[in-house]
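> Have a look at the structure that comes next, please.
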Amino acid sequence: MKGEGIKVLLVEDNHGDARLIKEMLAEARGNPFDTECADLLATGLEHLA
2 MKGEGIKVLL VEDNHGDARL IKEMLAEARG NPFDTECADL LATGLEHLA
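Just so you know, the sequence shown maps onto residues 2 to 50 in my numbering.
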């Protein structure tokens, strides 16, 4: 998986918490994270379909 980002689906209804988690993932060493955010489980499931 060299050179590819790790896909992350973050389901979080608090926009401040979601932003904080995205910032923490952006600062992580190693492979970059490709983060998608959803505020509801139903919306997150649509991202997976």
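Note that beta-carbon positions come from the ideal geometry of N, C-alpha and C, so glycine has one too.
Extract the residue ranges of the alpha helix (DSSP H) inside the region 8-38, only unbroken runs of 4 or more that lie entirely within it.
Runs found: 16-28.
> Within the same chain, show all residues whose beta-carbon is closer than 7 Å to that of residue 6, passing over the 5 residues directly before and after it, in chain order.
Here residue 6 refers to the residue found at position 5 of the sequence shown. Taken in chain order, the residues that qualify are 32, 33, 34, 35.
> Between the C-alpha atoms of residue 39 and residue 22, what's the straight-line distance to the nearest angstrom?
On the sequence shown, residue 39 is found 38 positions in, with the first residue counted as 1. On the sequence shown, residue 22 is found 21 positions in, with the first residue counted as 1. Rounded to whole angstroms, residue 39 to residue 22 spans 13 Å at the Cα level.
> By DSSP, does residue 50 sit in helix, in strand, or in coil?
In the sequence shown, counting from the first residue as 1, residue 50 sits at position 49. DSSP places residue 50 in coil when its eight states are reduced to three.
> With a cut-off of 8 Å on the beta carbons, I'd call residue 10 and residue 49 a contact; round off their distance for me.
Counting from 1 along the sequence shown, the entry for residue 10 is found at position 9. Counting from 1 along the sequence shown, the entry for residue 49 is found at position 48. That belief holds up - the Cβ atoms of residue 10 and residue 49 are roughly 7 Å apart, short of 8 Å.
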